[in-house]
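2 protein chains.
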Amino acid sequence: MPKHEEMYKFDDQKFLLDGIKVYALRVPIEMIADKLAQKEYKNIILSGVGGTTAEMYAVCRIIEKYSDIPVYLLNAAEALAEKDRRITRNSLVLTASKSGDTPETVSLCWYAKKTGATIVSFVSMEHCPLAEASDYKIVSAEEGMENTYMRLYLFILRFLYRKGDFQNYERFADQMKSLHSDALRIKHAYDRVADANAEKYWQEPYQIWIGSDIVFGEMTLLTMCILEEMQWMRNRLVSSSEFFHGALELVEKDVMVTLVKGLGPCRALDERVEKFLQGRTQKLVIVDLEELKFTGIDEEFQYILSPIILSNVMAGRYCWNLEKHSGHDLSIRRYYRQFKY
Amino acid sequence: MPKHEEMYKFDDQKFLLDGIKVYALRVPIEMIADKLAQKEYKNIILSGVGGTTAEMYAVCRIIEKYSDIPVYLLNAAEALAEKDRRITRNSLVLTASKSGDTPETVSLCWYAKKTGATIVSFVSMEHCPLAEASDYKIVSAEEGMENTYMRLYLFILRFLYRKGDFQNYERFADQMKSLHSDALRIKHAYDRVADANAEKYWQEPYQIWIGSDIVFGEMTLLTMCILEEMQWMRNRLVSSSEFFHGALELVEKDVMVTLVKGLGPCRALDERVEKFLQGRTQKLVIVDLEELKFTGIDEEFQYILSPIILSNVMAGRYCWNLEKHSGHDLSIRRYYRQFKY
Numbered sequence: 486m487p488k489h490e491e492m493y494k495f496d497d498q499k500f501l502l503d504g505i506k507v508y509a510l511r512v513p514i515e516m517i518a519d520k521l522a523q524k525e526y527k528n529i530i531l532s533g534v535g536g537t538t539a540e541m542y543a544v545c546r547i548i549e550k551y552s553d554i555p556v557y558l559l560n561a562a563e564a565l566a567e568k569d570r571r572i573t574r575n576s577l578v579l580t581a582s583k584s585g586d587t588p589e590t591v592s593l594c595w596y597a598k599k600t601g602a603t604i605v606s607f608v609s610m611e612h613c614p615l616a617e618a619s620d621y622k623i624v625s626a627e628e629g630m631e632n633t634y635m636r637l638y639l640f641i642l643r644f645l646y647r648k649g650d651f652q653n654y655e656r657f658a659d660q661m662k663s664l665h666s667d668a669l670r671i672k673h674a675y676d677r678v679a680d681a682n683a684e685k686y687w688q689e690p691y692q693i694w695i696g697s698d699i700v701f702g703e704m705t706l707l708t709m710c711i712l713e714e715m716q717w718m719r720n721r722l723v724s725s726s727e728f729f730h731g732a733l734e735l736v737e738k739d740v741m742v743t744l745v746k747g748l749g750p751c752r753a754l755d756e757r758v759e760k761f762l763q764g765r766t767q768k769l770v771i772v773d774l775e776e777l778k779f780t781g782i783d784e785e786f787q788y789i790l791s792p793i794i795l796s797n798v799m800a801g802r803y804c805w806n807l808e809k810h811s812g813h814d815l816s817i818r819r820y821y822r823q824f825k826y
Numbered sequence: 486m487p488k489h490e491e492m493y494k495f496d497d498q499k500f501l502l503d504g505i506k507v508y509a510l511r512v513p514i515e516m517i518a519d520k521l522a523q524k525e526y527k528n529i530i531l532s533g534v535g536g537t538t539a540e541m542y543a544v545c546r547i548i549e550k551y552s553d554i555p556v557y558l559l560n561a562a563e564a565l566a567e568k569d570r571r572i573t574r575n576s577l578v579l580t581a582s583k584s585g586d587t588p589e590t591v592s593l594c595w596y597a598k599k600t601g602a603t604i605v606s607f608v609s610m611e612h613c614p615l616a617e618a619s620d621y622k623i624v625s626a627e628e629g630m631e632n633t634y635m636r637l638y639l640f641i642l643r644f645l646y647r648k649g650d651f652q653n654y655e656r657f658a659d660q661m662k663s664l665h666s667d668a669l670r671i672k673h674a675y676d677r678v679a680d681a682n683a684e685k686y687w688q689e690p691y692q693i694w695i696g697s698d699i700v701f702g703e704m705t706l707l708t709m710c711i712l713e714e715m716q717w718m719r720n721r722l723v724s725s726s727e728f729f730h731g732a733l734e735l736v737e738k739d740v741m742v743t744l745v746k747g748l749g750p751c752r753a754l755d756e757r758v759e760k761f762l763q764g765r766t767q768k769l770v771i772v773d774l775e776e777l778k779f780t781g782i783d784e785e786f787q788y789i790l791s792p793i794i795l796s797n798v799m800a801g802r803y804c805w806n807l808e809k810h811s812g813h814d815l816s817i818r819r820y821y822r823q824f825k826y
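Sequence lines, in order, name chains A and B.
Read in my numbering, the first sequence has 755 at position 270, and its numbers run on one by one without any break.
Read in my numbering, the second sequence has 582 at position 97, and its numbers run on one by one without any break.
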């Protein structure tokens, strides 16, 4: 690999090494998926709060696309309060928590366990409250959304493969091996754009973010968990399909808009928004996933990988460059987990 | 009824008369619901764009609460782009469009028709593109969300009753007869609060709106269709359950927050947010649905009616008072439906 310029707060070698560690989980993840796929489920429940519901959104869309099993993405706090009747002994429940102790998620898990549901959790350590409440755990401490998605995807696509719904799993999983080196190359290429945009826009008083389809969860993560929680930046996220019912009226010449042009069938909806935006704001950032795809991976898989493609350059680079220019460390919160509430 | 003070841009007699007209649809609506309930469906699809998806949210939550039939609330543009596999000849599709010609909804309807799905549309005129594309139409020109919800509720609850899932339908439907006079009394009582709040806050540069559960769709309608589209007011809507992952960091002493305290099992989540907000913002509006309930209706139905309870005072009064103070007519758009996009 050619020598790259150093990127702000980024360690190339650690990123590649993390990729190897996560890919090494392929076999244990497949073993769990294979075992679970032997049973028939009435539905699949994806649950968590905050970043977890955001990342599970892509998993939800994948199941909807390839399978006939009903799938529901539930906020853990609401599902628990309502004793959601869809959680039964015939449910497969997937949950996750980075800290391993998110109270809403852990409580929902215990509730689901009592109903007799089968529970798989993605956690970052062997022993934590969420792991204790689960039937199966997939443990991996590697941070970064590339790693989060890789674990989730290997699991769910293997599961669907065993159900006869995703024929090309082996080729997909083989190609995931090159994901990190591919991602790193793209990160380096995009970092200058990310840096320039961050410098230009970090002081915006209000931003609109627009996108559609399978990347919408990742966009929730970007706007909620990063812009709001970590940078205290006011923004409005809206889907390309709902944009024309409300949010469009907020667009003015000096309102900053970030539009993500995705891959797949809803790209036309993003393009419709793009056409509208041209000339209506002078502060438009377009993130076109067509230009940021992974070259080592077959075209047919790029759509389902698009949350990773987006995360690779945005959560992976743009947000760090925002920190660099704003001087507001991504780890500083005034409220979140600072005290009980 | 005692003589009331006149409310800004509101006609008491027309409101009551509209209520009578909508309630007169009870029998024809029940006939359609009864006929449709004879068939078994694999799922129920609720679809539309903008305000329609917002109002269908409550219907979705009601079906989830009372029935085991899988239900999905789909944005029509995305569902059509993806040829959503959940739409099949075994689907019951419910759609709506005030104008009757919303292109995304009409196109989805034709697509659903081709799959063989059964389609029911709520429209405001006998002949319109959406009506042409549907198998059954429920026609009613009466505007106002009270009327919209009443039609939807009579249909879906009658349907669930026939499926054995909502035993007390007859009592519910009988009590709906008093809804408008009850609603009118509460409107008058709340109008002074709405007026004072609107005067105080119509110039806010940014607002946060928080709520949970069955009223969240109505809150989408308030913030997206009214604040954004009709008043060009910047705001951020977040659920009580997701508030603690992102949006909380945006709360400052001078940031205006509207918190809706709902009825039912998720009220505890709203109260948790309320406790957090106390002292953290000096601009807090609390809309407590406990204090705005319909007195002529049994307690057990108040939860499912809560979107109407909320709409009655907010879309019904607060938003009109916003117009009064901002001087920005609710009917003025700069973009929406002003030209092709």
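Ideal placement from N, C-alpha and C gives every residue a C-beta, glycine not left out.
A quick note: this is a predicted structure, and the numbers were derived from the prediction, not measured.
Item to check | Asn528/A - partner residues in DSSP beta bridges | outcome: As a first step, residue 528/A is located in the first sequence; it is residue number 43 there, counting from the start. According to DSSP, which records beta bridges pairwise, Asn528/A is partnered with Ser576/A.
Checklist entry - Closer than 7 Å, CB to CB, is Pro555/A near chain B or not? => result Within the first sequence, numbered from 1, the residue matching residue 555/A stands at position 70. Yes - at least one Cβ of chain B is within 7 Å of the one on Pro555/A.
Next on the checklist: Output needed for Asp620/A: all residues of its chain with C-beta closer than 8 Å, excluding positions within five of it in sequence on either side, in chain order.
Outcome noted: Within the first sequence, the letter at position 135 stands for residue 620/A. Closer than 8 Å at Cβ, skipping near neighbours: Lys598, Thr603, Ile604, Val605.
Item to check | Interface positions of the segment 566-596 of chain A facing chain B (Cβ-Cβ less than 8 Å), listed along the chain | outcome: For chain B, the residues of the segment 566-596 of chain A that bring a beta carbon within less than 8 Å of one of its beta carbons are Ala566, Glu567, Lys568, Asp569, Arg570, Arg571, Glu589, in chain order.
Item to check | Under 8 Å from the C-beta of Lys760/B: neighbouring residues of chain A | outcome: Locating residue 760/B in the second sequence gives position 275, where the first residue counts as 1. Neighbours of Lys760/B on chain A, chain order: Tyr826.
Checklist entry - Thinking just about the alpha-carbon of each residue, which of Met715/A, Ser725/A, Ile693/A, Tyr508/A is nearest to the one in Arg822/A? => result Translated into positions along the first sequence, residue 822/A becomes position 337. A check of alpha carbon separations from Arg822/A across Met715/A, Ser725/A, Ile693/A, Tyr508/A identifies Met715/A as the nearest.
Checklist entry - Under the three-state reduction of DSSP, which class applies to Gly702/B: helix, strand or coil? => result As a working note, residue 702/B is residue 217 in the second sequence. Of the three classes helix, strand and coil, the one that applies to Gly702/B here is helix, per DSSP.
Item to check | beta strand (DSSP E) segments (min. 3 residues) lying fully within the segment 587-662 of chain A | outcome: Within the segment 587-662 of chain A, the runs of beta strand (DSSP E) at least 3 residues long that lie entirely inside it are, in chain order, 603-608, 621-624.
Next on the checklist: For a quick check, are the C-beta atoms of Asn560/B and Ser726/A less than 7 Å apart?
Outcome noted: Here the question's residue 560/B lines up with position 75 in the second sequence. Here the question's residue 726/A lines up with position 241 in the first sequence. Contact flag set, yes.
Checklist entry - When the Cα atoms are used, what is the spatial distance from Ser625/B to Asp519/B? => result On the second sequence, residue 625/B is found 140 positions in, with the first residue counted as 1. On the second sequence, residue 519/B is found 34 positions in, with the first residue counted as 1. Straight-line Cα distance between these residues: approximately 19 Å.
Item to check | Rounded C-alpha distance that separates Lys746/A from Glu775/B | outcome: Counting from 1 along the first sequence, the entry for residue 746/A is found at position 261. Counting from 1 along the second sequence, the entry for residue 775/B is found at position 290. Here the alpha carbon of Lys746/A sits roughly 44 Å from the alpha carbon of Glu775/B.
Next on the checklist: Can you pull the chain B neighbours of Pro750/A, defined as C-beta to C-beta under 7 Å?
Outcome noted: By 1-based counting over the first sequence, the position of residue 750/A is 265. Chain-order list of chain B residues neighbouring Pro750/A: Ala566, Glu567, by C-beta distance under 7 Å.
Checklist entry - Thinking just about the alpha-carbon of each residue, which of Lys768/A, Leu531/A, Leu795/A is nearest to the one in Leu706/A? => result Taking the first sequence and counting its residues from 1, one reaches residue 706/A at position 221. Selected option, being the one with the closest Cα: Leu795/A.
Next on the checklist: For a test of the three-state rule: what should DSSP assign to Thr743/A, helix, strand or coil?
Outcome noted: Here residue 743/A refers to the residue found at position 258 of the first sequence. Correct three-state label for Thr743/A: strand.
Next on the checklist: Our contact map puts Tyr526/A next to Ile554/A with C-beta atoms below 8 Å; I'd like the distance itself, whole angstroms only.
Outcome noted: Reading the first sequence from its first residue, position 41 is the one you call residue 526/A. Reading the first sequence from its first residue, position 69 is the one you call residue 554/A. Cβ-Cβ separation between Tyr526/A and Ile554/A: approximately 6 Å, consistent with a contact (criterion under 8 Å).
Item to check | Inter-residue Cα distance where the pair is Asp497/A and Ala668/A | outcome: What you label residue 497/A is simply residue 12 of the first sequence in a count that begins at 1. What you label residue 668/A is simply residue 183 of the first sequence in a count that begins at 1. The alpha-carbon separation between Asp497/A and Ala668/A amounts to approximately 11 Å.
Item to check | Boundaries (first-last residue) of the alpha helix (DSSP H) holding Asp667/A | outcome: For the purposes of this step, residue 667/A is taken as residue 182 along the first sequence, with counting starting at 1. Residues 664-686.
Checklist entry - Per DSSP, Thr766/A forms a beta bridge with which residues? => result On the first sequence, residue 766/A is found 281 positions in, with the first residue counted as 1. Looking at the DSSP assignment, Thr766/A forms a beta bridge with Gln763/A.
Checklist entry - In terms of residues, what are the limits of the beta strand (DSSP E) holding Leu707/B? => result As a first step, residue 707/B must be located in the second sequence, where it is residue number 222. That residue, Leu707/B, is in no beta strand (DSSP E); it is neither H nor E in DSSP.
Next on the checklist: Restricting to runs no shorter than 3 residues, where is the beta strand (DSSP E) found entirely within the segment 783-813 of chain A?
Outcome noted: Scanning the segment 783-813 of chain A from its first residue to its last, no whole beta strand (DSSP E) run of 3-plus residues comes out.
Checklist entry - For a contact meaning CB atoms closer than 7 Å, what does Tyr803/A contact in chain B? => result In the first sequence, the residue the question calls residue 803/A occupies position 318. Taking a Cβ-Cβ threshold of 7 Å, none of the residues of chain B is close to Tyr803/A; the smallest such distance is about 17 Å.
Checklist entry - For Met709/A and chain B, any beta-carbon pair shorter than 7 Å? => result As a working mapping, residue 709/A is identified with position 224 in the first sequence. True, the Cβ-Cβ gap to chain B drops below 7 Å.
Checklist entry - On the three-state DSSP scale, how would you describe Tyr551/B? => result Against the second sequence, residue 551/B aligns to sequence position 66. Residue state, collapsed to three classes: helix.
Checklist entry - Of all the CB atoms in chain B, is at least one closer than 7 Å to the CB of Gly535/A? => result Residue numbering aside, residue 535/A sits at position 50 when the first sequence is read from its first letter. Output row for Gly535/A: interface = yes.
Checklist entry - Using 8 Å as the threshold, is the segment 678-690 of chain A in touch with the segment 803-822 of chain A, meaning 3 or more CB pairs across them? => result The answer is yes - the segment 803-822 of chain A touches the segment 678-690 of chain A, with three or more Cβ pairs under 8 Å.
Checklist entry - Taking the alpha helix (DSSP H) that Leu502/B falls in, what are its first and last residues? => result Taking the first residue of the second sequence as 1, we reach residue 502/B at position 17. Its alpha helix (DSSP H) spans residues 497-508.
Checklist entry - Can you give the Cα-Cα distance for Gly781/A and Glu490/A, rounded to whole angstroms? => result Reading the first sequence from its first residue, position 296 is the one you call residue 781/A. Reading the first sequence from its first residue, position 5 is the one you call residue 490/A. Each residue's alpha carbon lies about 22 Å from the other.
Checklist entry - Residues in the segment 599-622 of chain B with C-beta within 9 Å of chain A's C-beta atoms, listed in sequence order? => result Cβ contacts with chain A: none found.
Checklist entry - What did DSSP end up calling Leu748/A once you bin it into helix, strand or coil? => result Taking the first sequence and counting its residues from 1, one reaches residue 748/A at position 263. The three-state secondary structure of Leu748/A, taken from DSSP, is coil.
Checklist entry - If we ignore side chains and look at the alpha-carbon of each, how far apart do Met541/B and Ala616/B end up? => result Looking up residue 541/B in the second sequence gives position 56. Looking up residue 616/B in the second sequence gives position 131. For Met541/B and Ala616/B, the distance between alpha carbons rounds to 18 Å.
Next on the checklist: Given a cut-off of 7 Å on the beta-carbon distance, is the pair Phe701/B and Ser724/B in contact?
Outcome noted: Taking the first residue of the second sequence as 1, we reach residue 701/B at position 216. Taking the first residue of the second sequence as 1, we reach residue 724/B at position 239. In contact: Phe701/B and Ser724/B (Cβ atoms closer than 7 Å).
Checklist entry - Going by the CB atoms, is the gap between Ala562/B and Leu754/A shorter than 7 Å? => result Locating residue 754/A in the first sequence gives position 269, counting from the first residue. Locating residue 562/B in the second sequence gives position 77, counting from the first residue. Judged by beta-carbon spacing, Ala562/B lies within the 7 Å limit of Leu754/A, meaning their Cβ atoms are closer than that value.
Next on the checklist: Comparing C-alpha positions only, which one of Cys613/A, Val507/A, Ala566/A sits nearest to Glu589/A?
Outcome noted: In the first sequence, residue 589/A corresponds to position 104, counting from 1. It is Ala566/A whose Cα lies nearest to the Cα of Glu589/A.
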